[in-house]
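Position in the sequence shown counted from 1, then plus 877, gives you the working numbering. Backbone N, C-alpha and C define an ideal beta-carbon position, used for all residues, glycine too. Please read these numbers as outputs of a predicted model, since none were measured by experiment. The block underneath contains the structure these notes are about, expressed in C-alpha cells.
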Amino acid sequence: MDYNKLANLLFPQIKKTPEDYEAIYPPRDLPEGAKVTRLGPSPTGFIHLGNLYGAFADERLAHQSGGVFYLRIEDTDDKREVQGAVPAVINALHHFGVNFDEGATLTGETGDYGPYYQSQRGEIYQCFAKKLVAMGLAYPCFMTEDEIQAIRDQQEKDKLNPGIYGEYARHRDLSFEEVVERISQGQEYVVRFRSQGDPERHFSVEDGIRGVLSMPENDQDVVILKKTGIPTYHFAHVVDDHLMRTTHVLRGEEWLSSLPIHVALFEALGWEPPVYCHTTVLMKMDGETKRKLSKRKDPELSLEYYKKEGYHPAGVREYLMTILNSNFEEWRIANPEAPIEAFAFSTDKMSNSGTLFDLDKLNDVCKDVLARMTAEEILFYMLNWAREYQPALAELMAANDEKMLRIFSIDRGGEKPRKDLIYCRQIFHFISYFFDDHFIIEGSYPENVSWRDAKEILNRYFQTYDPNDDQDQWFEKVRTITADLGYAVKPKDFKKNPDQYKGHVGHVSNVIRMAITGRTMSPDLWEIQQIMGLEQVRGRIAQAFQDIG
Ligand code: GLU
C-alpha cells in the first residue's frame, strides 16, 4: 500500500507540512528547567474547586521556575459548549489569584503558540493526522455505529476487552482501491490510529505525582479524527501539548487509564511526551464514609460558592496549598509571614490517593489568614464583596468606614491576634450587633440571674456607665454592681461556696453583654462600647431593660 497516496487522498487540502508547524512553533526560549504548563478546560461553564486546585498547581510549577502558564480552550465538543464559559473561567481563576501568561483572554488571545482554541486548529490536527496516515500509522475506518455496537455487544458477551483492536479493527487493512470506492460512494469515515502495541507487554512511564508506573501497551485503534474531521481529546492534546511546548501536563486521574494511548501517539509522531502528573479527585467525608465531591450534592464544589460567601482568595489559596503539598503546613508554621509564593511547590509532595477536602479546615485556615491581615485590607475586601452580593450592606459599611476599621482592629496585630473572622457573610453576621438595624438577640440571659436582678444590673449600669472610663475603671464599676447585688466578684469564690452567692461577675457581665450585643460571647465588651459610643450603649441598655419587662 502506498500510504503517501492514501494520505493525499484523505487530506488533499492540507498543504503545510509537519516541519512547517515545527518552524512556526519553535521550542520556547526559556531558562533551563523552566516549566510550561497549561489549563485545558472544556467550555462547559462549570468551574469547580478541582479546576482551581489543578490550576493553582500549574501556575506554581510554571511561575516558580520562570516558565509559562497558558490557557487553552478545548472546545472540540460543541454539544457541551456553553456561552460565556471562557470569560467565566478566566474571571473565576483571576479572582483566586491565578493568572495566565498566554492563551485565551477576555478579548481574544495572546501569545505566539496560538490559536489557543482547539476549534480553530483543525488544519494543524489534520496535518499531523495526514503524517500518521503517510507513515502507515493511521487509517480511515468506515465502520458504522451499528457495526461498532454489534462488536461491543459481542465483546461483552465473550467477556473481552471492549474496543476496536486486533481482529475488530476491520478496516485496518483496506486496500487503496477499496478506500477510493467507499469514499466515492459517499461513505463517512473516521481516522483511526493504527496501534502497534501489545497489552501483554508493559512499558514504564514516570508520572510526576505517582512516580514510575508500569502500564500495559495500548492496542486500541482509537479514533484520532471524527467523521467531521474534528480531533478527539487523545489526539488534539498530544498535538497541542507538543506544538505549544508544554513540559508538564497536570490533569485529573480519570485520564490515567488512557495514558498508554497518549504515550503511543507521542511515540508514533516521534515526539518526547511531557511529564504527565495525574492528580487525585477531591473527596469529602460524608458521615463515616469518604466520597467524591459531587456537583449535585455539594455546593462547595463550585467556585461560585466561595465568591458568594465571601471567602478571601488568599484563604482559599492557602487552604488549597495545604491539600496540594503535604509539607506546606510545616513550612507555614516556620514562615508565618512569608508570601505563599515563597513556598517551593513540588509535584512529588502531592497526594496520590484521594485528597480530602474539609470545609472546617478551610475555615480554620481562613481564620489564620485573616488574622494576619490589616483592618484596612479586611474592610476593602468586605466592601468589594458586599458591592457585588449585598449592596445595602456595602452602603452601610461605606457610611461607617471609621467604625468598621475600629471593629476590625479589635485585638488585631500583636502576638495573639483574634481569629474569629472567616468569610464575608460570616464576618458581617459576627459584627452585626454594631448596627441597630441588624441587631438581634441571639443568646440567652444567664439562668441563675433573676429577671429582677437583671433589671437592677442594667439599671445601675445605665446610671454609672461612662465612656471616659478606662478599662480598669469600667470593670471596677461592674465589680461594684456584682458585689452589691450578692454575686461573687471572683468566679473561684463562687465555685468554692456556691451557696453564699447568686452567681459571679461573669454572670453579671453577661447580662450586660446580652443587652449590648445580644450574645453571650463577644470580643472585649469595654472595647465594643468604645466603638459604639455612649448613645448606642445607652440605647441598648434601655431597650433591654424594657424587653425584660
Ligand atoms: N479538556 C479536558 C477536560 O476538561 C482537559 C484534560 C487535560 O487537562 O488534559 O477534562
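Quick check on this structure: which residue in the options has the alpha carbon closest to the alpha carbon of residue i?
i     : options                    : result
D1401 : K1367, D1297, F1305, A1331 : D1297
K892  : A932, C1004, D1237, P904   : C1004
L1009 : D879, F1312, Q960, R1415   : D879
F1352 : D1376, V1385, G1187        : V1385
A1145 : V1115, F1305, G1043, D1346 : V1115
D1288 : T987, A1252, I1200         : A1252
G1129 : G1063, E1207, R998, G917   : G917
K1174 : K1161, Y1183, S919         : K1161
R915  : R1029, F946, P1368         : F946
L1197 : Q1026, A934, V1326, V966   : A934
A1011 : L886, P1368, N1261         : L886
L1037 : P1076, F1070, G1063        : P1076
F1070 : I1107, I1138, E1033, E1131 : I1138
G910  : G943, K1172, Q890          : G943
Which residues share a DSSP beta bridge with residue i?
i     : result
R1295 : Per DSSP, none; premise fails for R1295.
P1108 : L1102
M1162 : K1167
R915  : Y947
P1137 : According to DSSP, P1137 bridges with nothing at all.
S1081 : S1091
C1154 : L1127
T987  : G980
R1049 : Looking at the DSSP assignment, R1049 forms no beta bridge with any residue, so it has no partner.
Please work out which residues of its chain come closer than 7 Å, Cβ to Cβ, to residue i, disregarding the five sequence neighbours upstream and downstream, and give them in chain order.
i     : result
L1159 : L926, G927, Y930, L1170, T1232, F1234
D1273 : According to the sequence shown, residue 1273 is Leu rather than Asp. The answer, listed in chain order, is F1312.
T1199 : F1205, E1206, V1242
H972  : K1184, P1190
P904  : R1122
Please look up how many angstroms separate the CB atoms of residue i and residue j, rounded, as I've assumed it's under 8 Å.
i     : j     : result
I924  : Y993  : In fact, because the Cβ distance is near 17 Å, the residues do not count as touching under 8 Å.
L1239 : F1285 : Rounded, the Cβ-Cβ distance is 21 Å, inconsistent with contact.
V1152 : H1125 : 5 Å
C1301 : E1165 : With 8 Å as the limit, C1301 and E1165 do not qualify as a contact, their Cβ atoms being about 33 Å apart.
I1334 : I1389 : 7 Å
Just to confirm my understanding: we take residue i, look at its own chain, exclude 5 residues before and 5 after, and list those with CB closer than 8 Å. What are they?
i     : result
K882  : F1053
Q941  : E1218, A1221, F1222
F1339 : R1415, I1418, A1419, F1422
M1259 : G1187, M1274, M1281, C1301, I1304, F1305
Y1378 : G1363, Y1364, A1365, D1370, F1371
Beta carbon of residue i: closer than 7 Å to some heavy atom of the ligand GLU?
i     : result
P1150 : no
S1072 : no
H1114 : yes
P992  : no
R1122 : no
V1126 : yes
Y1110 : yes
E918  : As written in the sequence, residue 918 is Pro, which differs from the Glu given in the question. For the ligand GLU, at least one heavy atom lies less than 7 Å from the Cβ of P918.
E1130 : no
E951  : yes
Which residues in the same chain have their Cβ closer than 6 Å to the Cβ of residue i, if we skip the five residues on either side of it in sequence?
i     : result
A969  : I924, L1180
V1366 : R1356, T1359, A1360, V1382
L1090 : V1082, D1084
R937  : F1222
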